[in-house]
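Colleague:
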Amino acid sequence: MDLSRKWLTEFVDVSVGDKEYCDAMTLSGSKVEGVTVEGQEIKNVVVGKVLSMERHPNSDHMWICQVDVGGETVQIVTGAQNVSVGDLVPVAKDDSWLPGDVHITAGKLRGEVSNGMLCSYKELGMTDHDWPHSVVDGIFILQSDPDLAAKNPQPGDDIPTLLGLNDHIVEFEITPNRPDCLSVIGLARETAATFDKPLSLHTPEVKGTDGTSIAELLDVEIEDPELCPRYTARMVRNVKIAPSPLWMRERLRASGVRPINNIVDITNYVMLEYGQPMHAFDFSCVDGGKIVVRTAREGEVIQTLDGNDRKLTTSMLCICDEHKPVGVAGVMGGANSEIVGDTAMVVFESANFNGVSIRRTATALGMRTDASARYEKGLDPMNTYKGVQRACELVELLGCGEVIDGVIDVIAADQNPRTVKLEPEKINGLLGTDISEEEMRAMLKRLDFTLDGDTIIVPSWRSDVEHYSDIAEEVARLHGYDKIPVTLMKGETTQGGYTEKQKAERKLGTLCRGFGFSEIITYSFISPSYYDKIRLPADSPKRKSVTILNPLGEDTSVMRTTALPSMLETLARNFSYRNKSAKLYELATVYTPVEGQDLADEEQMLSLGAYGDGMDFFTFKGAVEAILAAMNVKNVTFEARSDIGAFHPGRCAEVKANGVMLGVFGQLHPLTAQNYGMDCDVFAAQLQFADMMAQRAPEARYEPLPRFPSVTRDIAVVCDAAVTVAQLEECIFKGAKGLLKEVELFDIYTGAPIPAGKKSVAFNLVLRADDRSLTAAEADEDVKSVLALLESELGAVLR
Numbered sequence: 001m002d003l004s005r006k007w008l009t010e011f012v013d014v015s016v017g018d019k020e021y022c023d024a025m026t027l028s029g030s031k032v033e034g035v036t037v038e039g040q041e042i043k044n045v046v047v048g049k050v051l052s053m054e055r056h057p058n059s060d061h062m063w064i065c066q067v068d069v070g071g072e073t074v075q076i077v078t079g080a081q082n083v084s085v086g087d088l089v090p091v092a093k094d095d096s097w098l099p100g101d102v103h104i105t106a107g108k109l110r111g112e113v114s115n116g117m118l119c120s121y122k123e124l125g126m127t128d129h130d131w132p133h134s135v136v137d138g139i140f141i142l143q144s145d146p147d148l149a150a151k152n153p154q155p156g157d158d159i160p161t162l163l164g165l166n167d168h169i170v171e172f173e174i175t176p177n178r179p180d181c182l183s184v185i186g187l188a189r190e191t192a193a194t195f196d197k198p199l200s201l202h203t204p205e206v207k208g209t210d211g212t213s214i215a216e217l218l219d220v221e222i223e224d225p226e227l228c229p230r231y232t233a234r235m236v237r238n239v240k241i242a243p244s245p246l247w248m249r250e251r252l253r254a255s256g257v258r259p260i261n262n263i264v265d266i267t268n269y270v271m272l273e274y275g276q277p278m279h280a281f282d283f284s285c286v287d288g289g290k291i292v293v294r295t296a297r298e299g300e301v302i303q304t305l306d307g308n309d310r311k312l313t314t315s316m317l318c319i320c321d322e323h324k325p326v327g328v329a330g331v332m333g334g335a336n337s338e339i340v341g342d343t344a345m346v347v348f349e350s351a352n353f354n355g356v357s358i359r360r361t362a363t364a365l366g367m368r369t370d371a372s373a374r375y376e377k378g379l380d381p382m383n384t385y386k387g388v389q390r391a392c393e394l395v396e397l398l399g400c401g402e403v404i405d406g407v408i409d410v411i412a413a414d415q416n417p418r419t420v421k422l423e424p425e426k427i428n429g430l431l432g433t434d435i436s437e438e439e440m441r442a443m444l445k446r447l448d449f450t451l452d453g454d455t456i457i458v459p460s461w462r463s464d465v466e467h468y469s470d471i472a473e474e475v476a477r478l479h480g481y482d483k484i485p486v487t488l489m490k491g492e493t494t495q496g497g498y499t500e501k502q503k504a505e506r507k508l509g510t511l512c513r514g515f516g517f518s519e520i521i522t523y524s525f526i527s528p529s530y531y532d533k534i535r536l537p538a539d540s541p542k543r544k545s546v547t548i549l550n551p552l553g554e555d556t557s558v559m560r561t562t563a564l565p566s567m568l569e570t571l572a573r574n575f576s577y578r579n580k581s582a583k584l585y586e587l588a589t590v591y592t593p594v595e596g597q598d599l600a601d602e603e604q605m606l607s608l609g610a611y612g613d614g615m616d617f618f619t620f621k622g623a624v625e626a627i628l629a630a631m632n633v634k635n636v637t638f639e640a641r642s643d644i645g646a647f648h649p650g651r652c653a654e655v656k657a658n659g660v661m662l663g664v665f666g667q668l669h670p671l672t673a674q675n676y677g678m679d680c681d682v683f684a685a686q687l688q689f690a691d692m693m694a695q696r697a698p699e700a701r702y703e704p705l706p707r708f709p710s711v712t713r714d715i716a717v718v719c720d721a722a723v724t725v726a727q728l729e730e731c732i733f734k735g736a737k738g739l740l741k742e743v744e745l746f747d748i749y750t751g752a753p754i755p756a757g758k759k760s761v762a763f764n765l766v767l768r769a770d771d772r773s774l775t776a777a778e779a780d781e782d783v784k785s786v787l788a789l790l791e792s793e794l795g796a797v798l799r
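Just so you know, UniProt numbering puts 497 at position 497 of the sequence shown, and the rest follows in order with no gaps.
If you want it as structure tokens, here you go:
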């Protein structure tokens, strides 16, 4: 939004420099992008009066002019044919600058000295829309424009000042939640609040005529009130199409809008001033004297004002007469109702439309306009009446028509204001401030909020204010963000921090990275063919996936029920890039369908994968053990599995903690690795994060170092080859009588003299009492108990 500071002074008097103004507005929440000064490229260009003219001796079309530029007379050679003695013209003197970085210096033209240049308005960076009374080609004759003539220009006067090219334009970045600031009045309101200055608003007054009422000529029907909450209309007869006055053209130009004619300019002026888009159309083009606001019918086509034919769909809202569309609502009018030179009667439309509908229509038609850009953000329905009144007031002010009595105003919008409770303690707690209630009330009044006790009545144009936190934001920005101390938020309800789950996630990530695994993030949607690549059985429940309704393609059509394919795809990509080794992890989400429900259960899995660099089954198992131990998961055991298709039948195990299954790990089956194009040993693990969390022991507590010495005993037992070391260790701890602290495997032996089908397994046992020194007899008693249980439960006998 470009704001003219000249225009701004009509509503609020802020006599500060551009930098101070922009800094204050930015700090109060209205972000300034930059400031430009009109005419700043024009330097040393003044009004000149042509005193005499004579033919150039060496040219049949050039003139040698003597020009009074205020206090001195200079000679200038020109080829223009529309200049006469006595004319007032813009003169670029020696060492002057024009738009486009054009430098004018004294020189000679065909042997005659020329101390500057006479300028056209194009050379001053302006168009015939800015100066409709002047000659398009040729020198700009200043007295030919009645508005300039009224200023009584004199030789030597500064041209930018005379032409009104001395306005300061402030460019604001308006966020989508503040459509009210897409207007001069909206920004004036923010300015007044920021600088604590009075806001001077004008209530439009329309005299009208004493004759015909609008109700006798026009009828308005809204078929879908949800798409058009309010439609306000007035009519003007005996229209006189002409250029707008200079003051209006200057304000439109400063705001980036091209002046066209008085009627069209009035609609643009009101849109800029009030933020309410307006449309004017020729009443003679409205068949049946009726306006119908409806969605387009199948196959309807309209030619818009830009001359293009637009095919409409049944979702697009249109302004129609009894037979045809005359405009695309909130976007652009139709060429069949355009204001032209012989237009005699005009309908001014000031309406409110559904923002989502306008955005979709503008996007579908590929025509985003100033009006649609405002409507799509959601405008204030209560602004339509003021907008149409202001337009008719300007018609009477400019003398370009007679306003017909009466207003058609169809309202379906809720006119009850929104209210929010004033809660100073909660606001201070949220902001970390100590602002008094009186100060808060004063700030809200500056923003035109009304207070009734503890109830805040929100203005209709502030649709973004719905909650006490929105009120807190208003207080904060007027108090000054730079004045809010750096402190923790106050109040129990505002204390933040990581949850236990979040802490565990971060700790797990730190541990995995510490063990050399790099984090990956993969898509949660995969191809159904991935289940075949990991050799998942056809009847496996994990093949029942949630199907995406609008997939990007077959490769991303289902939500994964296991994270293994995603991990293997990433490992395979690294292998194909000839990376010699890779160790990866992901805290991945999997989605398990729930029968009878639309949504799936979402579970997190710790997915690990590795290959290369001396990685083998036991190294990978050690990494899994170390991660679980560091996460404080106790009593972890492993049980061999040979029935999981993705893994090697002899190098795969379930991971359990306290008897609860956490997941599986192992080496990939050679056929699985082959499916991914990998001809090396690949290892993977899939562990349930929620189950890991549930099996975590309480946080470790400090215990002093042992005061008494330990006693060690080595035992070697002979058992069946099928008995696992884990079973033996579990039995050893179970058989001890409370003195056993550590068990460490140090040997497994098969062969003579151990019988066939048997193996010898040797352990080192560490025994210690916390309150005394152990005797040899006490240690031997524990060892006897262990050996007895090993023999009775596992058939393991002392070697």
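Using N, Cα and C, we set each Cβ at its ideal position, and we do this for glycine too.
1) Step through the CB atoms of chain D and report whether any lies within less than 8 Å of the CB of residue 540.
2) Take residue 663 as the anchor and find which of 142, 647, 148 has the nearest alpha-carbon.
3) Quick check on residue 762: does DSSP put it in helix, strand or coil?
4) Could you tell me the alpha carbon to alpha carbon distance between residue 379 and residue 415, rounded to whole angstroms?
5) Indicate whether residue 14 and residue 48 have their beta-carbon atoms separated by less than 8 Å.
6) Start and end of the alpha helix (DSSP H) containing residue 621?
7) Quick check on the burial criterion: 16 or more other C-beta atoms within 10 angstroms. Buried or exposed for residue 461?
8) What residues in its chain sit with their C-beta under 7 Å from that of residue 459, if we drop five residues either side in the sequence?
9) Can you tell which of 599, 595, 605 has its C-alpha closest to the C-alpha of residue 589?
10) Does residue 721 pass the burial test, meaning 16 or more other C-beta atoms within 10 Å, or should it be called exposed?
11) Return yes when the Cβ of residue 229 is within less than 8 Å of the Cβ of residue 412, no when it is not.
12) Cβ of residue 608 within 8 Å of Cβ of residue 689?
13) On the premise that residue 31 lies in contact with residue 179, defined as a C-beta separation below 8 Å, what is that separation, rounded to the nearest angstrom?
14) On a CA-only basis, which of 726, 730, 699, 743 is nearest residue 715? Give me that one, please.
15) Using C-beta distances below 6 Å, list every residue in its chain close to residue 746, excluding the 5 sequence neighbours before and after it, in chain order.
16) Go ahead and pull the three-state DSSP assignment for residue 691.
17) Taking Cβ to Cβ, would you say residue 665 is nearer than 8 Å to residue 624?
18) Assign residue 752 to buried or exposed, taking buried as 16 or more other Cβ atoms, counted over all protein chains shown, within 10 Å of its Cβ.
19) Which value, in whole angstroms, describes the spacing of the CA atoms of residue 800 and residue 622?
20) The alpha helix (DSSP H) spanning residue 189 covers which residue range?
21) Please determine if the segment 363 to 372 and the segment 325 to 339 are in contact, where contact requires at least 3 C-beta pairs separated by less than 8 Å.
22) Taking the straight line between their C-alpha atoms, what separation do you get for residue 194 and residue 52?
23) Contact defined as beta carbons within less than 8 Å: I believe residue 741 pairs with residue 766. What is the distance between those atoms, to the nearest angstrom?
24) Could you tell me the distance, in whole angstroms, from the CA atom of residue 638 to the CA atom of residue 696?
25) How about the segment 37 to 45 and the segment 132 to 152: do they share at least three Cβ pairs that are nearer than 8 Å?
26) Tell me which same chain residues have a C-beta within less than 7 Å of the C-beta of residue 56, skipping the five on either side of it?
27) Could you check the C-alpha separation between residue 562 and residue 569 for me, to the nearest Å?
28) Decide if residue 803 is buried, meaning its Cβ has at least 16 other Cβ atoms within 10 Å, or exposed.
29) Does the beta-carbon of residue 356 have 16 or more other beta-carbons within 10 angstroms, so that it is buried, or is it exposed?
30) Identify, in the order they occur along the chain, each residue of the same chain with its Cβ nearer than 6 Å to the Cβ of residue 303, setting aside the five sequence neighbours on each side.
31) Please list the segments of the beta strand (DSSP E) lying wholly inside the UniProt domain "FDX-ACB" (706 to 799), counting only runs of 3 or more residues, in order along the chain.
32) Under 8 Å, do residue 235 and residue 346 count as touching if we go by C-beta distance?
33) Taking buried to mean at least 16 other C-beta atoms within 10 Å of its own C-beta, is residue 247 buried or exposed?
Modeller: In short:
1) Absent here is chain D; the protein component of the structure consists of one chain.
2) 647
3) strand
4) 14 Å
5) Not in contact: residue 14 and residue 48 (Cβ atoms no closer than 8 Å).
6) 617 to 630
7) buried
8) 448, 449
9) 605
10) exposed
11) It is a contact, given that the beta carbons lie within the stated cut-off.
12) Cβ distance not < 8 Å, so residue 608 and residue 689 don't count as in contact.
13) That belief does not hold up - the Cβ atoms of residue 179 and residue 31 are roughly 15 Å apart, past 8 Å.
14) 743
15) 762, 764.
16) helix
17) yes
18) exposed
19) No information on residue 800 is available, as it lies outside the stretch 1 to 799 that the chain covers here.
20) 184 to 195
21) yes
22) 55 Å
23) The beta-carbon distance between residue 741 and residue 766, rounded to whole angstroms, is 5 Å. This is short enough to meet the 8 Å contact definition.
24) 17 Å
25) no
26) Within its own chain, the residues whose Cβ lies closer than 7 Å to the Cβ of residue 56, once the five positions on either side in sequence are excluded, are 62, 63, 64, 77, 110, 112, listed in chain order.
27) 13 Å
28) The question about residue 803 has no answer here: the residues shown for the chain are numbered 1 through 799.
29) Residue 356 is exposed by the Cβ-count criterion.
30) Within the same chain, 309, 335 come within 6 Å of residue 303 by CB-CB distance, once the 5 residues on both sides are set aside.
31) 711 to 720, 740 to 749, 758 to 767
32) yes
33) exposed
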